[in-house]
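Once you know that position 25 of the sequence shown is 619 in the numbering used here, the rest is easy, because the numbers rise by one and skip nothing.
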Amino acid sequence: MSTSTSTPVFSSTKTWIWQGFPICYQTQGTSGSAVVLIHGFGASWGHFRKNIPVLAKNFRVYAIDLIGFGASAKPKPGEEIAYTFEIWGQQIADFCRQVVGESAHLVGNSIGCIVAMQAAVDNPDIVSSVALLNCSLRLLHERKQAELPMYRRMGAPLLQRILSIKSVGEFFFNQIAKPKTVRSILLQAYPTSEAVTDELIDILMAPAKDPGAASVFIAFTAYSQGPLAEDLLPKLPCPAIILWGTADPWEPVELGREFAEFPQVCKFIPLEGIGHCPQDEAPELVNPILQDWILEVSS
């Protein structure tokens with residue numbers, strides 16, 4: 595079993611009130627360009643704990659928990675808030691205006707990439723560049739389901755409908771929200787198994803105990819609409835860099851390489867043998883690339 599590794603000591607998190615809801619974020623750095631880090635599905639700002647201190651040597655770094663995730667509020671989906679990329683994108687844009695106070699470089703992982711691009715497309719004045727780490731391909735999107743094998747094309751919508759039944763969805767969530775199951779899932783996403791530490795399990799497990807966490811999970815698993823990366827990339831008002839772990843079992847690098855054809859994408863960098871969360875699995879590779887990129891586009 596992997597054990598926890600030492601990570602930098604962080605100051606207490608901060609709270610920002612957005613649309614009446616408390617939003618958790620972490621910040622480090624006192625000078626340089628502003629950088630906002632955006633986590634993926636089921637994660638939180640802690641997924642960037644290995645990147646924040648390094649980037650903070652040159653930049654003012656902010657890592658935020660999207661509403662519904664981490665230590666941020668988890669209001670009722672469909673009643674108090676809609677969990678969509680448009681909502682999350684607006685959250686990031688408002689955060690840049692109200693907390694950061696200026697245009698920022700956005701760095702996203704997985705669905706955080708879609709959030710970053712949505713924020714940039716809807717708010718071109720507040721985003722300087724985007725860095726996409728293993729961007730979510732949203733392969734279960736309703737427009738992509740027609741391309742799936744027959745068993746998946748029929749099975750995916752059926753599973754979504756079943757999970758949308760509150761009692762069934764909550765039961766399923768409670769079954770997977772267990773340390774052993776989370777570790778098993780992470781070992782698929784992280785070819786470098788040593789990176790799957792007890793610390794990482796704790797970071798991902800803590801929010802799952804919050805009231806409303808199951809409802810957010812159910813709402814997102816049923817979300818087959820909204821933007822795709824290929825919808826947003828041609829609309830980007832800023833330059834983009836893409837990093838992609840080639841051993842990602844969920845987002846095939848072969849499909850990701852197609853994004854390099856968009857003129858907004860200045861660089862596409864494959865990370866050989868790395869999985870779905872390169873910022874956590876291989877920070878020694880990711881951090882220098884991000885540093886160089888932000889310095890380059892800032893100048």
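For glycine and all other residues, C-beta sits at the position ideal for the given N, C-alpha and C.
Going by C-alpha distance, which of the options is nearest residue i?
| i | options | result |
| --- | --- | --- |
| P773 | G672, I756, K803 | K803 |
| P864 | I835, D874, D886, P857 | I835 |
| A789 | F615, P805, L631, H641 | H641 |
| C860 | W887, W838, E866, D842 | W887 |
| G636 | S809, P821, W612 | S809 |
| Y817 | H735, K608, G614 | H735 |
| N728 | D716, L660, G702 | G702 |
| T815 | I756, P843, P785 | I756 |
| Q885 | A665, H699, T609, I686 | H699 |
| K738 | A676, K670, P821, E696 | P821 |
| R732 | Y656, L826, D688 | L826 |
| L781 | K644, G869, I770 | G869 |
| F856 | E824, E845, L849 | E824 |
| P805 | A628, F767, T786, W612 | F767 |
| F811 | F663, F653, K608 | F663 |
| I708 | L726, S722, S606 | L726 |
| E852 | P843, W838, W844 | W838 |
| A807 | V693, S638, V629 | S638 |
| G672 | V847, P846, E793, A813 | A813 |
| F689 | P846, L830, V724, L631 | L631 |
| A841 | I646, P785, E793 | P785 |
| D659 | A676, E674, Q685 | Q685 |
Counting along the chain, where does the alpha helix (DSSP H) carrying residue i start and finish?
| i | result |
| --- | --- |
| C707 | 705-716 |
| F689 | 679-689 |
| F811 | 807-815 |
| I759 | No alpha helix (DSSP H) contains I759, which DSSP labels as neither H nor E. |
| E926 | Since the first and last residues shown for the chain are 595 and 893, residue 926 lies out of range. |
| A823 | 823-826 |
| V776 | 773-783 |
| E875 | 872-875 |
Using DSSP bridges, identify the partner residues of residue i.
| i | result |
| --- | --- |
| R654 | A628 |
| L865 | G839 |
| P671 | I675 |
| A834 | V724, V859 |
Need the endpoints of the beta strand (DSSP E) that residue i sits in, please.
| i | result |
| --- | --- |
| S723 | 721-729 |
| P616 | 615-622 |
| E611 | Correcting the residue identity first, residue 611 is Ile in this sequence and not Glu. Its beta strand (DSSP E) spans residues 608-612. |
Consult DSSP for residue i and reduce its assignment to one of helix, strand or coil.
| i | result |
| --- | --- |
| W887 | helix |
| L978 | Because the chain here runs from 595 to 893, residue 978 falls outside it and cannot be looked at. |
| V859 | strand |
| A802 | helix |
| F663 | coil |
| A789 | helix |
| Q769 | helix |
| F642 | helix |
| F604 | coil |
| A637 | coil |
| K829 | helix |
| L733 | coil |
| S892 | helix |
| P882 | helix |
| Q739 | helix |
| Q692 | helix |
May I ask whether a heavy atom of the ligand SAM can be found less than 6 Å away from the beta carbon of residue i?
| i | result |
| --- | --- |
| R755 | This structure simply doesn't include the ligand SAM, nor any ligand for that matter. |
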